[in-house]
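Chemist:
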Amino acid sequence: MKSSPDVENISQDALTAVTAATELFVKDLTQKVYKLMPHKDMGITYNDVAALVNNEDSYGFLDDIIPRKTMGRDILSQLKNKNDIQDDEDLKSEAVGS
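The opening residue of the sequence shown carries number 8 in my numbering; numbering runs sequentially from there.
(1) If we ignore side chains and look at the alpha-carbon of each, how far apart do Arg-75 and Leu-69 end up?
(2) Report yes if the C-beta distance between Val-60 and Ile-51 is below 8 Å; otherwise report no.
(3) Distance, Cα to Cα, Ala-57 vs Ala-27?
(4) Alpha carbon to alpha carbon, what distance is there between Asn-62 and Asn-54?
(5) Thinking C-alpha only, which one of Gly-79, Met-78, Lys-89, Tyr-66 is nearest Val-33?
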């Protein structure tokens, strides 16, 4: 568990506490995901966990680690719409400036 070069030694008590906290965190996360799952017979999926992380403020710190999966075509469509809006705003500002 020595992942940081700044840490010389880790006591057994600290290791036990971190292990217990991790187990409780994972248990809480999986229980909340299971409650929100629409298809309980299929098991927990990545999308189920991502939905919880996206919808629960208490799991917001995981947004960068467990983002919602997005299709490439959806991202391209959003970028196109954003560019279209920006182009419209540029045209309006040019018309006002004339």
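Each residue gets a CB set at the ideal place from its N, CA and C atoms; glycine is no exception.
Modeler: In this structure, then:
(1) What you label residue 75 is simply residue 68 of the sequence shown in a count that begins at 1. What you label residue 69 is simply residue 62 of the sequence shown in a count that begins at 1. Spanning the two alpha carbons is a distance of roughly 11 Å.
(2) Your numbering for residue 60 matches position 53 in the sequence shown. Your numbering for residue 51 matches position 44 in the sequence shown. No; because the gap between Cβ atoms is not below 8 Å, this pair is not in contact.
(3) In the sequence shown, the residue the question calls residue 57 occupies position 50. In the sequence shown, the residue the question calls residue 27 occupies position 20. Rounded to the nearest angstrom, the two C-alpha atoms are 24 Å apart.
(4) The count along the sequence shown starts at 1 and reaches residue 54 at position 47. The count along the sequence shown starts at 1 and reaches residue 62 at position 55. Straight-line Cα distance between these residues: approximately 12 Å.
(5) By 1-based counting over the sequence shown, the position of residue 33 is 26. The shortest C-alpha separation from Val-33 is found at Tyr-66.
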